Amino acid sequence: MTIAESIQNIDFLTAIRESALVYPCILSTHLTCIAIFGGMILVTDLRLLGLTYKGLTITDVVTTFRPWKRLGGLIMIVMGLLLAASEAEKYVPNPFFWTKMVILGLIGVHALIFRPIVYNQTEELDRSPVIPTKAKVAAILSLVLWTSMFTMGRLIAYWEPPVTPAPQTSIRQREAFGVRVALDANPARTLRTPPYGRLAPRR
Amino acid sequence: MLLQNAIADALNNTEWAFPLAECFHIGGFAVGLGSIAIVDFRMLNLGLRHETTGRILRYAEPWTLFALVFVIFSGIVLFLSQSDIYLANLVFPLKMYVLVAALIYNFTIHRKVATMENPPPALSKIVAIVSLLLWVAIVWGGIFIAFF
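Line order of the protein sequences matches chains G and Z. Heads up: the first sequence runs through residues 1 to 203, numbered per my numbering. Heads up: the second sequence runs through residues 1001 to 1148, numbered per my numbering.
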């Protein structure tokens, strides 16, 4: 058994994958966090670029939403990891998944670099007559990173593993809730091959 | 019908067109919901306390509108690619009803209370919570379309 298989066979991860309701709920929570807190990150970036919200101070925009963005980011990452781990076998060979993880790492690097010189220096930015280049660079990089982040998330659903000829007769089985179930017993479930839903496998 | 078929063909025959439209849809609703959420968070007293809600709304609303146009257009494109499947879907009509409700709510009650000089705090909070719930429900609807 591969590592990916052993991960996704952990009881609660199997339960997530097999459940008709839990999986979409986790996915929706993930997307909700992207919408609200990702949206707040975009608002911050737009403010740092001086494109809008000019009447609000950078300090206000950056600091008052910080705890919410942190909370939202945490929920987003936990939900995302649950989704990935529950279908680890599909995610591990998926290049878009790993690209997304690299981007996530780069977002961490972005924070390490720009927090001390931009995000923790907002009062200085507010005093400066023009928005300094370093703040604009931070905002543009943040926009690029987050845009690629959700684009990769979407593309994960479209990648298909190279087809390996499998014996057609054997029905794959898995232990779930203590019972052996045939994986292909429910045709609706097999339609949900890509992690993002039935409408996704369109070819 | 002809237009619909042309768009559907273009979307179904180009491998990247559908995912690209989805990415526009996601990016658009992040901008839109973000701009609505900062107003709602202010109404809930969770951020930007130095500013009045009306002032925040004045900056946020153009972005909300811009994003809405973006999201609705990419949404129409996604819909037209497989309109028969969407029309037969259980969740899709619900999502549309909530969307209409959210749009009406956003530009009537929500805007009215957000621009009030001294709204009763309880009223502001309720209006903000309803607004967030409506928009979040639409996001959930989008995901659940794919599962039911």
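Ideal placement from N, C-alpha and C gives every residue a C-beta, glycine not left out. This one's a predicted model, so the numbers in the text were calculated from it and none came from an experiment.
Return the CA-CA distance between residue i and residue j, expressed in angstroms with no decimal places.
| i | j | result |
| --- | --- | --- |
| Z/Pro1121 | G/Thr14 | 45 Å |
| Z/Leu1080 | Z/Ile1072 | 12 Å |
| Z/Ala1137 | G/Leu42 | 21 Å |
| G/Gly72 | G/Pro129 | 32 Å |
| G/Ala139 | G/Ile7 | 37 Å |
| G/Leu199 | Z/Ala1146 | Residue placement at G/Leu199 is poorly supported in this model, since its pLDDT is 49, which falls under 50; the coordinates still yield a value, given next. Rounded to the nearest angstrom, the two C-alpha atoms are 5 Å apart. |
| G/Lys100 | G/Tyr91 | 11 Å |
| G/Asn9 | Z/Cys1023 | 31 Å |
| Z/Leu1094 | G/Pro67 | 33 Å |
| G/Lys54 | Z/Arg1049 | 16 Å |
| G/Pro187 | Z/Val1130 | With a pLDDT of 44 at G/Pro187, under the threshold of 50, the modelled position of this residue cannot be trusted, and the question is left open. |
Check whether the Cβ atoms of residue i and residue j sit closer than 9 Å, and answer yes or no.
| i | j | result |
| --- | --- | --- |
| G/Ile131 | G/Leu49 | yes |
| G/Ala4 | G/Ala111 | no |
| Z/Leu1033 | G/Gly39 | yes |
| G/Lys136 | G/Phe114 | no |
| Z/Val1039 | Z/Ala1060 | yes |
| Z/Leu1044 | Z/Lys1112 | no |
| Z/Trp1140 | G/Ser86 | no |
| Z/Val1090 | Z/Phe1148 | The sequence given here places Leu at residue 1090 of chain Z; Val does not occur at that position. It is a contact, given that the beta carbons lie within the stated cut-off. |
| G/Thr122 | G/Thr32 | no |
| G/Leu145 | G/Ile107 | yes |
| Z/Leu1123 | G/Ile36 | no |
| G/Met152 | G/Phe65 | no |
| Z/Ala1114 | Z/Gly1028 | no |
| G/Leu143 | G/Asp45 | yes |
Short of 7 Å in beta carbon distance, which residues of its chain neighbour residue i, apart from the five on each side in sequence? Order them along the chain.
| i | result |
| --- | --- |
| Z/Leu1134 | Val1098, Ala1101, Ala1102, Tyr1105 |
| Z/Phe1092 | Tyr1086, Ile1145 |
| G/Asn94 | Ile156, Trp159 |
| G/Pro161 | Pro93 |
| Z/Val1127 | Met1043, Ile1109, His1110, Val1113 |
| G/Ala185 | Reliability fails at G/Ala185, whose pLDDT of 46 lies under 50, so the model's placement of it is uncertain and the value that follows must be treated cautiously. Within the same chain, G/Ala185 has no close Cβ partners at all. |
| G/Ile34 | Met76, Phe150 |
| G/Val109 | none |
If you drop the 5 nearest sequence neighbours on each side, which residues of the same chain put their C-beta closer than 6 Å to that of residue i?
| i | result |
| --- | --- |
| Z/Phe1041 | Gly1047 |
| G/Thr169 | Reliability fails at G/Thr169, whose pLDDT of 48 lies under 50, so the model's placement of it is uncertain and the value that follows must be treated cautiously. Nothing meets the Cβ criterion. |
| Z/Leu1011 | Ala1017, Phe1018, Ser1081 |
| G/Ala84 | Tyr91 |
In its own chain, which residues sit with a C-beta less than 8 Å from the C-beta of residue i, not counting the 5 before and 5 after it?
| i | result |
| --- | --- |
| Z/Val1031 | Trp1063, Phe1066, Ala1067, Phe1070 |
| Z/Gly1075 | His1025 |
Candidates the options: which alpha carbon is nearest residue i's?
| i | options | result |
| --- | --- | --- |
| G/Leu141 | G/Asp126, G/Phe65, G/Arg154, G/Leu104 | G/Leu104 |
| Z/Ser1035 | Z/Cys1023, Z/Leu1020, Z/Ile1056 | Z/Ile1056 |
| G/Arg127 | G/Val61, G/Lys69, G/Met149, G/Thr57 | G/Thr57 |
| G/Val158 | Z/Asp1009, Z/Ile1007, Z/Val1130, Z/Glu1015 | Residue identity differs from the one stated: residue 158 of chain G is Tyr in this sequence, not Val. Of Z/Asp1009, Z/Ile1007, Z/Val1130, Z/Glu1015, the residue nearest in Cα terms is Z/Glu1015. |
| G/Phe267 | Z/Leu1020, Z/Asn1013, Z/Pro1119 | Chain G is shown only over 1 to 203; residue 267 of chain G falls outside these bounds and no answer can be derived. |
| G/Trp98 | G/Val109, G/His30, G/Ser148, G/Glu124 | G/Ser148 |
| Z/Ala1037 | G/Lys69, G/Phe12, G/Asn120 | G/Lys69 |
| Z/Phe1107 | Z/Arg1058, Z/Asn1013, Z/Pro1119 | Z/Arg1058 |
Less than 8 Å between the CB atoms is what I'm expecting for residue i and residue j, so what's the real figure, rounded?
| i | j | result |
| --- | --- | --- |
| G/Ile26 | G/Met79 | 5 Å |
| Z/Ile1007 | G/Pro24 | Z/Ile1007 to G/Pro24, Cβ: 27 Å. No contact. |
| G/Asp60 | Z/Glu1051 | 7 Å |
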